[in-house]
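Numbering (mature numbering (1 follows the signal peptide of the UniProt record, and there is no 0)), first residue to last: -20 to -1, 1 to 224.
In structure tokens form, the structure reads like this:
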């Protein structure tokens, strides 16, 4: 398995991955969704770059896989274009290792916090099962691909973010940190001058703090919203020597 760079052109590309498969929170009631201001567009435009600049971050989420509740706990390293997480539930825990092209699974014993065993087992080791990471194949694969696409090596174009329909939905608090909840642009093209953005048109919501750091992403999968919570910086991920 060879890690390859994630190449994405804009926030709307992240949404395409979602559409192919289709801490405590205290929300504060206020006015309804509205178009982002120039300042908010600037904040949203740096979010994926902030992830990439952080290198690796911990995340946790849960998703139903063929009717089975599955918890994912791990890390995503946007600079290395790799993700590594424990998949656990009413089955033997597995470690998932994915790039933008492939995903592999191997039995694992998670640590006390639910993270997969480190270092990453050699991918030539018996027990690994690899396949193409096709977002259209399953909601799980769409979720993994979306998580990988939430980091890139340059900021998005803030003017295009604003023109293509990004919305400010509301404010909130995650683990004591104030955030703004955005609906990502549903397209990477500017909207018609007379068009109004629809908050239900975007399958991706981003919970962003005042520094542009992503605290949570909500992805619309399986006809419901799946929350992915991001935590502290994680270990840098790399394929073992001899991995292919």
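We put the CB at the ideal spot given by N, CA and C, even for glycine. Treat the numbers as computed from the prediction; the structure is a model and nothing was measured.
Residue i and residue j closer than 8 Å at C-beta
i           : j           : result
residue 165 : residue 144 : yes
residue 179 : residue 149 : yes
residue 42  : residue 49  : yes
residue 16  : residue 146 : yes
residue 190 : residue 37  : no
DSSP-derived helix/strand/coil call for residue i
i           : result
residue 25  : helix
residue 125 : helix
residue 73  : strand
residue 32  : helix
residue 62  : strand
residue 136 : coil
residue 213 : strand
residue 130 : coil
residue 80  : coil
residue 181 : helix
Supposed contact pair residue j and residue i - C-beta distance, whole angstroms, cut 8 Å
i           : j           : result
residue 197 : residue 184 : 7 Å
residue 74  : residue 85  : 5 Å
residue 194 : residue 186 : 6 Å
residue 68  : residue 90  : 6 Å
Any chance the segment 128 to 139 sits against the segment 90 to 108, with 3 or more Cβ pairs inside 8 Å?
No, the segment 128 to 139 is not in contact with the segment 90 to 108.
For the segment 65 to 82 against the segment 105 to 114, are there 3 or more C-beta pairs whose distance is under 8 Å?
Yes, they touch.
Counting beta carbon pairs with one atom in the segment 13 to 20 and one in the segment 44 to 58, are three or more of them shorter than 8 Å?
In this structure the segment 44 to 58 does not lie against the segment 13 to 20, because fewer than three pairs of beta carbons, one per stretch, are closer than 8 Å.
Is the segment 51 to 65 touching the segment 154 to 161 in the sense that three or more CB pairs, one from each, lie closer than 8 Å?
Contact between the segment 154 to 161 and the segment 51 to 65 is absent, because fewer than three Cβ pairs lie under 8 Å.
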